[in-house]
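Everything on this sheet refers to the single structure shown next.
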Amino acid sequence: MPLTFAVLLFFVAGLSEVLRQGWVETDRLVALSLVGCATLMAALIVLGRDVVHVIRAPGRRQYGVDRLGWSWQKTGTLCFAIPILVLVTVSCGAIFTSYYIHVPDWSALGWGLAVQILVVALAQELFFREAVLKIFGGALPVAFGISTMAVALFHLPDGLPAAVMASGAALAYMALRVAGMNILLVAAVHGGANVLFGRVLLPELAGDALWTYAIVFAAGHALFAGLLVALAQPTRAAAVPRAG
Numbered sequence: 106m107p108l109t110f111a112v113l114l115f116f117v118a119g120l121s122e123v124l125r126q127g128w129v130e131t132d133r134l135v136a137l138s139l140v141g142c143a144t145l146m147a148a149l150i151v152l153g154r155d156v157v158h159v160i161r162a163p164g165r166r167q168y169g170v171d172r173l174g175w176s177w178q179k180t181g182t183l184c185f186a187i188p189i190l191v192l193v194t195v196s197c198g199a200i201f202t203s204y205y206i207h208v209p210d211w212s213a214l215g216w217g218l219a220v221q222i223l224v225v226a227l228a229q230e231l232f233f234r235e236a237v238l239k240i241f242g243g244a245l246p247v248a249f250g251i252s253t254m255a256v257a258l259f260h261l262p263d264g265l266p267a268a269v270m271a272s273g274a275a276l277a278y279m280a281l282r283v284a285g286m287n288i289l290l291v292a293a294v295h296g297g298a299n300v301l302f303g304r305v306l307l308p309e310l311a312g313d314a315l316w317t318y319a320i321v322f323a324a325g326h327a328l329f330a331g332l333l334v335a336l337a338q339p340t341r342a343a344a345v346p347r348a349g
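Below, the structure is given as structure tokens:
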């Protein structure tokens, strides 16, 4: 199964690069849709019958691993982490620069949000998070590492700073899922963040400032991920009663 994931990853990343380079003439929405469909199909190949648990809560145990499941109750409780994650992102930018606030019209904003959630984020969350957990969930540090490296590889053609920032965001989204949030809501958070920081709050960065921002961004999101998982995933030793 790890080999299957690697092959699928290189296929999806390769398709994305082919379309980005313009070797196949398409507009941006068609390109996003093609990559999104390919990523979604890759996720479904890995998940198989387990895809039903994207909607139906599996309980505490999932993919044969204790405490890897999610529930709607945990999903609701973890909503408190969403504004904290937004604050982390805003704070990382505010350290180095000011934000240019652009307010698009509501129809454009709604359309952009729908595209980012349904076409981009949903497929990426199912592949880079849920599929990774199915394969590597027995060792969470490995799962986090594989997810982060896969996302970095996928975004590498956009430049190293973009890959570093995407890796940091990947840690945060994986932490939300591991903490017990439904992957569909994680996808909504992912898509919403893409719109908020790609169309509304625009940091003015370039050169060395961009690199520094990317590193601080990744570090801030890594800290968020570590704290969230530590709070939501108590050690198994503490959960098992001692004999005697």
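Okay, so the sequence shown: first residue is 106 according to my numbering, each after it adds one. A virtual CB, placed ideally from N, CA and C, is assigned to each residue, including glycine.
If you look at proline 308, you'll find it in the beta strand (DSSP E) that goes 306-308. Its Cα nearest to that of alanine 255, the residue Val269 stands out among Val269, Arg165 and Ala244.
Here arginine 166 has Arg172, Leu173 and Gly174 as same chain residues with Cβ atoms under 8 Å from its own Cβ, once five neighbours each way along the sequence are excluded. Per DSSP, the unbroken alpha helix (DSSP H) holding isoleucine 187 starts and ends at 186-199. In the structure shown, valine 170 falls within a strand segment according to DSSP collapsed to helix, strand and coil. Our two residues, glycine 273 and histidine 326, have alpha carbons roughly 5 Å apart in a direct line. Considering only Glu130, Lys179 and Phe110, the residue with the shortest C-alpha distance to isoleucine 288 is Lys179.
In this model, phenylalanine 259 and proline 209 are separated by some 28 Å (Cα to Cα).
Counting only runs that start and end inside the region 232-307, the alpha helix (DSSP H) elements of at least 4 residues fall at 237-241, 245-260, 265-284 and 288-300. In terms of Cβ geometry, histidine 295 and alanine 186 do not form a close pair [threshold 8 Å].
Straight through space, the alpha carbons of valine 191 and alanine 298 are spaced by roughly 8 Å. For isoleucine 222, there is no enclosing alpha helix (DSSP H), as DSSP marks it with neither H nor E. The three-state reading of DSSP puts isoleucine 160 in coil, since its state is none of H, G, I, E or B. Relative to the Cα of glutamate 230, the nearest Cα in the group Met146, Tyr168, Ala267 and Trp211 belongs to Met146. Remark: C-beta atoms of alanine 275 and alanine 337 do not approach each other more closely than 8 Å. A Cβ-Cβ separation of about 5 Å places glycine 141 in contact with alanine 228 under the 8 Å criterion.
Per DSSP, tyrosine 318 has no beta bridge partner at all. Residue pairing by DSSP puts isoleucine 206 in a beta bridge opposite Leu306. The Cβ atoms of leucine 332 and lysine 239 do not sit closer than 8 Å to each other. The beta carbon of valine 123 lies closer than 8 Å to those of Val129 in the same chain, with the five residues before and after it left out. Within 10 angstroms of the beta-carbon of proline 308 lie 16 or more other beta-carbons, which makes it buried.
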